[in-house]
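Okay, so the sequence shown: first residue is 611 according to our numbering, each after it adds one. Notes to accompany the following structure.
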Amino acid sequence: MLPPTATRWPGDEGKHVQQSANERDMTGLQADRPHPARIYDYWLGGKDNFPPDRVAAEHAISVSADIPAAARENRAFLQRAVRMCAQQGIRQFIDIGAGLPSPGNVHEAAQSVAPDSRVVYVDNDPIVLTHGRALLADNRSTTVLTGDVRELDELLDRPELRALVDLSQPVAVLLVAVLHFVTDDEAREAVEKVRSRVAPGSYLLLSNSTHEGNPERAAAAAKTWDKTASGIRLRDRAHVETFFEGWELLEPGVTFVPLWRPEGPTDQSTRWMYAGVGRKA
Ligand SMILES: C[S@@+](CC[C@H](N)C(=O)[O-])C[C@H]1O[C@@H](n2cnc3c(N)ncnc32)[C@H](O)[C@@H]1O
């Protein structure tokens, strides 16, 4: 059994929080160590996180109070880019490293433009499968799979994915806020594999954490991920641009997430992540 913790839930006003029975690790969810999906969920105001996730997430906030805003702005980038793809005629989306469901999911953004859009969500954290399947049980145009960005060939050949996605037609592939959880070689292999497998006219949407916008706080913020299985790789703009080699990089290129085609004035302008969108010619 895990010990009680002093972590705060939003609204708990500093009370010590005991772990409830359903928070203990009886499901293979590894609730005793922080996981990226659940840290991110905490920053987005979700409730699908455990004490170690909240400790890690609060560490980041103690380093830089704008980190939850950066997570929200990353979600907003994802939604803008997905709507843009749908406006360009894309009707099939593969969201790899999808994270826990939160308002403005990919199918909601895509279907707000094109109701016939189909979405395959993929994540290597089983909690995403559990929550995603519950949310999407009645939705025939979406599915949720457990899979890894480091095993793209196997993933793209899965019958469950191919039931919704025709790879001979253009598709949008999302690698949003996920490549920083794999090594440089694995990340490069992933984007190259996507490019080799998708049809011309397809899109690659990605974002990656960086140290360049906050050089003095980046090392301390990166410690947020120390106890996760993957750690994190902060990358500079030039490195993120290499992910688009062989793709036509759309305007405005690789930029901080709030600056990627903003749709109106924003009250936040974080500098923790780079984003870009490429199109396969
Ligand atoms: C920070 S969340 C991003 C969620 C969503 N893409 C977004 O940007 O809003 C990163 C997600 O990537 C998942 N992830 C981490 N490593 C992965 C891997 N090797 N393969 C697939 N998913 C992975 C985590 O479980 C987590 O849900």
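C-beta atoms are modelled at their ideal positions from N, C-alpha and C, and glycine is treated no differently. All of these numbers come straight from a predicted model, not from anything done at the bench.
Would you list the one or two residues that DSSP bridges to residue i?
{"i": "residue 703", "result": "729, 782"}
{"i": "residue 752", "result": "729"}
{"i": "residue 830", "result": "None, per the DSSP bridge assignment."}
{"i": "residue 569", "result": "In the structure as shown, the chain starts at 611 and stops at 891, and residue 569 therefore has no counterpart that could be examined."}
{"i": "residue 888", "result": "814, 859"}
{"i": "residue 694", "result": "In DSSP, residue 694 forms no bridge with anything."}
{"i": "residue 866", "result": "884"}
{"i": "residue 819", "result": "883"}
Just to check my reading of the structure: residue i and residue j have Cβ atoms closer than 8 Å, yes? What is that Cβ distance to the nearest angstrom?
{"i": "residue 783", "j": "residue 671", "result": "With 8 Å as the limit, residue 783 and residue 671 do not qualify as a contact, their Cβ atoms being about 31 Å apart."}
{"i": "residue 852", "j": "residue 680", "result": "Not really, about 22 Å apart at Cβ, beyond 8 Å."}
{"i": "residue 813", "j": "residue 888", "result": "7 Å"}
{"i": "residue 744", "j": "residue 778", "result": "Not really, about 32 Å apart at Cβ, beyond 8 Å."}
{"i": "residue 774", "j": "residue 728", "result": "4 Å"}
{"i": "residue 765", "j": "residue 732", "result": "6 Å"}
Inspect the beta-carbon positions of residue i and residue j and report whether they are closer than 8 Å.
{"i": "residue 730", "j": "residue 753", "result": "yes"}
{"i": "residue 696", "j": "residue 724", "result": "yes"}
{"i": "residue 738", "j": "residue 839", "result": "no"}
{"i": "residue 790", "j": "residue 750", "result": "no"}
{"i": "residue 805", "j": "residue 856", "result": "yes"}
{"i": "residue 741", "j": "residue 795", "result": "no"}
{"i": "residue 861", "j": "residue 690", "result": "no"}
{"i": "residue 666", "j": "residue 644", "result": "yes"}
State yes or no: is the beta carbon of residue i nearer than 8 Å to at least one beta carbon in chain B?
{"i": "residue 765", "result": "Of the protein chains in the structure, only one exists, and it is not chain B."}
Exercise for the section: Say whether the region 684 to 693 touches the region 748 to 763, bearing in mind that this needs 3 or more beta-carbon pairs closer than 8 Å, one atom from each stretch. Expected result: no
Problem - the region 819 to 827 touching the region 640 to 656, judged by at least three CB pairs closer than 8 Å - result: no
Exercise for the section: Just jot down, in chain order, the residues whose CB lies closer than 7 Å to any heavy atom of ligand 1. Expected result: 645, 646, 647, 650, 684, 685, 688, 705, 706, 707, 708, 709, 710, 732, 733, 734, 735, 738, 757, 758, 759, 760, 784, 786, 787, 788, 791, 792, 817, 840
Problem - Cβ contact check for the region 776 to 791 and the region 698 to 718: 3 or more pairs under 8 Å - result: yes
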